[in-house]
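A.B. asks: Encoded as structure tokens, here's the structure I'll be asking about.
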Amino acid sequence: MTALLELERVEARYGAARILNGVDLAIAPGERVALLGRNGVGKTTVVNTLLATAVKCGGEIRVRGERIDRLAGHTAATLGIAVVPQGRKILPNLSIQENLKLAAALRRKGPWTLDAVYGLFPILRERRHTPGTALSGGQQQMLAIGRALMLNPELLILDEPSEGLAPVIVDELGVILRDLAATGVAILLIEQHLRLVRDIAERYAVLSKGAVSAAGRMAEVDQEQLQSSIMH
Ligand SMILES: Nc1ncnc2c1ncn2[C@@H]1O[C@H](COP(=O)(O)OP(=O)(O)OP(=O)(O)O)[C@@H](O)[C@H]1O
Ligand SMILES: [Mg+2]
């Protein structure tokens, strides 16, 4: 089957600083993959390379078999890839509703409308006219997820969604992500929180020294072995 997203020997840098040295990663339609690795190893850079905010200096990126690495900017969204960025990136001067409508021009056809997002997260409907930044961390994460869903993606990339959230909220996030996965959307989950990863991902890849150093099926890996491979 053709991969939905495929990175092959991807190299990337910021200025002169080389961060990725040949990353291989493939995600099939509907698949749930975790990208792991210690702080600062380059996980977000993988996303930035896809979104062309880091400079790709080698390798190929393909979506449904077609190379996208030579196309400009917002292409990922129009090709069905939506990102929930690290730190949520809620626009402070916009209301919740305005944040949700932000990417309206890039939306694909699909089940996710404003009403559907409010159905998933009723608190966002209740507070739709308040500034996004007036929300709690967990609610901001819902907003960031809702904003990504508004694009009707085939692949949802979440960059450390549990960061800064209380454990009980992380559990709620796990339920939401499992429900979303059941709708058939593929998920690339970048996380340090291994319990959330276990709940969601079928496969994992560990990033180390600019490349994928270990990969496999979640069901077949020992938790401690995985934790230690992340630290090296
Ligand atoms: N815009 C940038 N300009 C220059 N260097 C950067 C930039 N963004 C990140 N870096 C550097 O690139 C390296 C990889 O950063 P990146 O954010 O991809 O790591 P990460 O694995 O996502 O880390 P974390 O787990 O802390 O989110 C780090 O050394 C970081 O300091
Ligand atoms: Mg990061």
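To convert, note that position 74 of the sequence shown is 74 in this note's numbering; the numbers rise steadily by one, no gaps.
From the three backbone atoms N, C-alpha and C, an ideal C-beta is built for every residue, glycine too.
1) For Lys-56, which of helix, strand or coil comes out of DSSP?
2) Does the Cβ-Cβ distance between Glu-154 and Glu-31 come in under 8 Å?
3) Quickly, what does DSSP pair Ser-208 with across the bridge? List them, please.
4) Spatial neighbours of Pro-64 within its chain, please: C-beta separation below 7 Å, excluding the five flanking residues on both sides.
5) First and last residue of the alpha helix (DSSP H) that includes Gly-22?
6) Confirm the yes/no value for this check: CB of Glu-160, any heavy atom of ligand 2, distance under 7 Å.
7) Is the Cβ-Cβ distance between Leu-156 and Leu-180 less than 8 Å?
8) Taking only the alpha-carbon atoms, compute the straight-line gap between Thr-183 and Tyr-14 and give it to the nearest angstrom.
9) Any heavy atom of ligand 1 closer than 7 Å to the Cβ of Lys-43?
10) Inspect the CB distances between the region 46-54 and the region 73-83 and report whether three or more fall short of 8 Å.
C.D. replies: Working from what's here:
1) strand
2) no
3) Ala-211
4) The identity of residue 64 in the sequence shown is Arg, whereas the question assumes Pro. Cβ within range, chain order: Thr-2 and Leu-4.
5) Looking at the DSSP string, Gly-22 is not in any alpha helix (DSSP H); the run it does join, the beta strand (DSSP E), is 17-27.
6) yes
7) yes
8) 36 Å
9) yes
10) yes
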